[in-house]
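Going left to right, the sequence shown walks through residues 9 to 618 as my numbering numbers them.
By construction, the Cβ of each residue, glycine as well, lies at the ideal position given by its N, Cα and C atoms.
Here the structure is a predicted model, which is why all the values come from computation and not from measurement.
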Amino acid sequence: MWRSGIAALIVVIGVALCPHSAGAQAGLAPPGPEPSMQAFRAVEAWVRAWGVAPIPPQDLDPERLSGVAVTLRLDGVRLGRGVVLADAGDVERDFVHTATSRAIREADLELPLPFGPERVTEARRLAERITVELELGGPVIPLLGDTFEVASLDVAPQHDGVAIRSGRRLAATFPSEQRSRNIGPGRALGVAIGKLDLPPIELGALREARGVTPYRFRVTHIAQTSPGGPAVFLHRGGTVVAAPEVSVERLREAADEIVDHLLTRRWPGEERHGLFGTHQIATGLHEPLIAEPREQAVTAYALARYAGSASWVEDQRGAAVLIEARRILEDLAVVEPEESDPAADVSAAAAWIVAAGEAGLLGTTSDGEVSDFAERCERLVTDVGLSIDEWPSDVPRDGRALVALARAELARASPGDADRLDRARDGVRTVFREIEPGALAGAMPWLGLAELAVADPGAPIPSFVAMLRMRELMWRFQITEAEAGFDDRDLVGGIVFTRGRSVLPSAQGLRPLAFVAVMLGDERLTEPQSYTSELAALSRALRFVVQLQAREAELHHARHRNRAAGGIRLSPWSQTLPLEASALGLLTITETLKSAESRGRPRPVPVGRE
Numbered sequence: 009m010w011r012s013g014i015a016a017l018i019v020v021i022g023v024a025l026c027p028h029s030a031g032a033q034a035g036l037a038p039p040g041p042e043p044s045m046q047a048f049r050a051v052e053a054w055v056r057a058w059g060v061a062p063i064p065p066q067d068l069d070p071e072r073l074s075g076v077a078v079t080l081r082l083d084g085v086r087l088g089r090g091v092v093l094a095d096a097g098d099v100e101r102d103f104v105h106t107a108t109s110r111a112i113r114e115a116d117l118e119l120p121l122p123f124g125p126e127r128v129t130e131a132r133r134l135a136e137r138i139t140v141e142l143e144l145g146g147p148v149i150p151l152l153g154d155t156f157e158v159a160s161l162d163v164a165p166q167h168d169g170v171a172i173r174s175g176r177r178l179a180a181t182f183p184s185e186q187r188s189r190n191i192g193p194g195r196a197l198g199v200a201i202g203k204l205d206l207p208p209i210e211l212g213a214l215r216e217a218r219g220v221t222p223y224r225f226r227v228t229h230i231a232q233t234s235p236g237g238p239a240v241f242l243h244r245g246g247t248v249v250a251a252p253e254v255s256v257e258r259l260r261e262a263a264d265e266i267v268d269h270l271l272t273r274r275w276p277g278e279e280r281h282g283l284f285g286t287h288q289i290a291t292g293l294h295e296p297l298i299a300e301p302r303e304q305a306v307t308a309y310a311l312a313r314y315a316g317s318a319s320w321v322e323d324q325r326g327a328a329v330l331i332e333a334r335r336i337l338e339d340l341a342v343v344e345p346e347e348s349d350p351a352a353d354v355s356a357a358a359a360w361i362v363a364a365g366e367a368g369l370l371g372t373t374s375d376g377e378v379s380d381f382a383e384r385c386e387r388l389v390t391d392v393g394l395s396i397d398e399w400p401s402d403v404p405r406d407g408r409a410l411v412a413l414a415r416a417e418l419a420r421a422s423p424g425d426a427d428r429l430d431r432a433r434d435g436v437r438t439v440f441r442e443i444e445p446g447a448l449a450g451a452m453p454w455l456g457l458a459e460l461a462v463a464d465p466g467a468p469i470p471s472f473v474a475m476l477r478m479r480e481l482m483w484r485f486q487i488t489e490a491e492a493g494f495d496d497r498d499l500v501g502g503i504v505f506t507r508g509r510s511v512l513p514s515a516q517g518l519r520p521l522a523f524v525a526v527m528l529g530d531e532r533l534t535e536p537q538s539y540t541s542e543l544a545a546l547s548r549a550l551r552f553v554v555q556l557q558a559r560e561a562e563l564h565h566a567r568h569r570n571r572a573a574g575g576i577r578l579s580p581w582s583q584t585l586p587l588e589a590s591a592l593g594l595l596t597i598t599e600t601l602k603s604a605e606s607r608g609r610p611r612p613v614p615v616g617r618e
């Protein structure tokens, strides 16, 4: 029966996510693909020869250029960058030729080679390992607004470059620079202003005092993902995940890749710090260096769920992943110098109990340190009240939900303790009552899991109506193909709970989505007649989850590609890999596949239905 559910998932994904072209965004288009690729081939040839001809053999500049940026990297490290802008004191022809010459000249000074007669030969040898990135800017379009925030509303993140003109001077921030700095359009305008040595004041004041004009310009972006590899046209710094790619096999592969990424986050030293913090793709650094205890516990929970319920995982791999999940929890029980104590923080303590229960660590370990730590966590989550009047003001909404789930987990670990189960049920009811219906998604997946944990098998779910309304609200604010259009097709399936030009989907939507995946497998929450339509909406959301994953194209500029590969980015234009985002992405995919396996054959999706 589960095979028919999986087969249906494949069919629904294909029907629900089939992309369509909606035309380019209104405005002046950047150079087209053929002249752009011709320019790229010339740039790469010059780089491999490690020098450009004094005069280019032909005009390689596509029409309607406002600027060109050429970036050269060696093993992920930027060696050189050349930028040419129109009306900025530079030549107004041979943009590609001039920008490449500048990039090679700057890179040559950074090569780890001694100066001497063999330098040119050795430089050409190293040039074979260099990756090339070319950005071709289309015509500039003025931006309105007296603040950077307002002006940036019309700038598409990672699609557009931004520029500032002051007199005849022009400075720009191309998408590649925005990505390496991990900044949005507003801050990118500020960077351009800094290049002109203008004072760091608000845009309206700069207009009045210096007569500046801000612009945006669409960019055709081409890069190599490996030395000597084929050039790829980038869409917001990566590639778009098409509907046919999001098969069951691809989802399984994505889950495996996330797990592999999470396992690279282990602290390598003798100290028991657990996991590194948020990974920065461009720099290879972690900020903060050590992940917060709650994030680590949530990661351990997701790994344990994957190890214990993913049917495609081989026994040996599942056992190894479960061991890693337990190690994370055991490391959290040892508080190293300058670390915060998880057993002193309500949310972290609750997350630890939830993960320990899933990993089979509650009441089963012979480690005295871990047992003592578990008792401290238990005292904290059972003593705190769940009413708003009793709750510490610095604990977030989903922290209360985690406490409710931790109490349910403790009740499950003591099957004969009816009083503990009753208190856990009361706690779940209290949290549901005190969270506004519109804010329920922020308490997921923990509150939903707590509700299911304390419910009697087969009995109706008390919060059934609230959960269905939350799911309906999610699908109402899910971005569809028609809404996204061609330029924003990488956002299809993402969830935004408000509407507006500046509101774009991110990994924050994974919180409720992880529980919606659980709802799909429970007939009390997804009746047979609604299963297919719910699967279609969830399939579209899964496309966005896979879109958030850092893959080859998204990592073309990564400092440490092997450490970043497979992680879940904060957004399609973000260069950060938060630990919890990867954990929730793994949980969403695992629970979806588990739910599909547990259900029977759904009805086919009607033709034309989204």
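Asked	Found
Euclidean distance between Cα positions of D427 and A461	15 angstroms
Sub-8 angstroms separation of P404 and S355 beta-carbons	yes
Which of helix, strand or coil DSSP assigns to P122	coil
Alpha helix (DSSP H) runs contained entirely in the stretch 192-255, provided each spans 4 or more residues	193-203, 211-218
Beta strand (DSSP E) runs wholly inside the stretch 89-164, at least 3 long, in chain order	138-145
Cβ contact check for the stretch 157-168 and the stretch 123-139: 3 or more pairs under 8 angstroms	no
8 angstroms contact criterion, which A179 and L204 should meet: CB distance rounded	5 angstroms
Reduced DSSP category for V381 - H, G, I as helix; E, B as strand; rest coil	Note that residue 381 is Phe in the sequence shown, not Val. Looking at F381 - three-state DSSP - the assignment turns out to be helix.
Neighbourhood of R433 by C-beta, 6 angstroms cutoff - its chain only, sequence neighbours within 5 removed	V462
Proximal residues to G245 (C-beta, below 6 angstroms), its chain only, five neighbours per side dropped	Q166, R187
Spatial distance of L369 from R334 (CA atoms)	7 angstroms
Member of P150, V504, Y314, W454 whose CA lies at the smallest distance from the CA of R215	P150
Alpha helix (DSSP H) segment containing I289, residue limits	Here I289 belongs to no alpha helix (DSSP H), and DSSP marks it neither H nor E.
Reference A250; option with closest CA among G575, A589, R577, D496	D496
Beta-carbon gap between S160 and P193 smaller than 8 angstroms	yes
Rounded straight-line distance, which links the Cα of M478 to that of G446	7 angstroms
Segments assigned alpha helix (DSSP H), at least 4 residues, entirely inside the stretch 275-356	301-317, 323-340
Bridge-paired residues (DSSP) for V170	T181, R224
C-alpha distance - V267 paired with L211, whole-angstrom precision	45 angstroms
Assumed close pair V140, V55 - CB separation to whole angstroms, cut-off 8 angstroms	6 angstroms
Buried versus exposed, by CB contacts within 10 Å (16 or more), D69	buried
Residues of its chain near A357, where Cβ-Cβ distance is below 7 angstroms and the 5 sequence neighbours each way are ignored	P350, A351, C385, L388, V389
Whole-Å CB distance - A107 paired with V91, under 8 angstroms assumed	6 angstroms
Residue range of the unbroken beta strand (DSSP E) whose run includes V60	Per DSSP, V60 belongs to no beta strand (DSSP E) and is neither H nor E.
Sequence-distant residues of the same chain with beta carbon closer than 7 angstroms to A200, five excluded per side	V170, A171, I172, A179, A180, T181
Between the CA atoms of E346 and L418 - distance to the nearest angstrom	30 angstroms
Beta carbon of R567 nearer than 8 angstroms to that of A290	yes
Environment of S184 [buried if 16+ CB atoms lie within 10 Å]	buried
Selection from W483, G371, T221 that minimises the alpha carbon distance to T155	T221
Whole-angstrom C-beta distance between T596 and V518, which should lie under 8 angstroms	In the sequence under discussion, the amino acid at residue 518 is Leu, which differs from the Val named in the question. Rounded, the Cβ-Cβ distance is 6 angstroms, consistent with contact.
CB-CB length for I487 against G501, believed under 8 angstroms	7 angstroms
Beta-carbon proximity check, A310 vs L337, cutoff 8 angstroms	no
Buried or exposed by the 16-neighbour rule on C-beta atoms within 10 Å, applied to P125	exposed
Residue range of the unbroken beta strand (DSSP E) whose run includes G456	Not the beta strand (DSSP E): G456 falls in the alpha helix (DSSP H), residues 454-462.
Residue of A382, F440, L259, F485 minimising C-alpha distance to L601	L259
Assigned exposure category for A591 - 16 Cβ within 10 Å defines buried	buried
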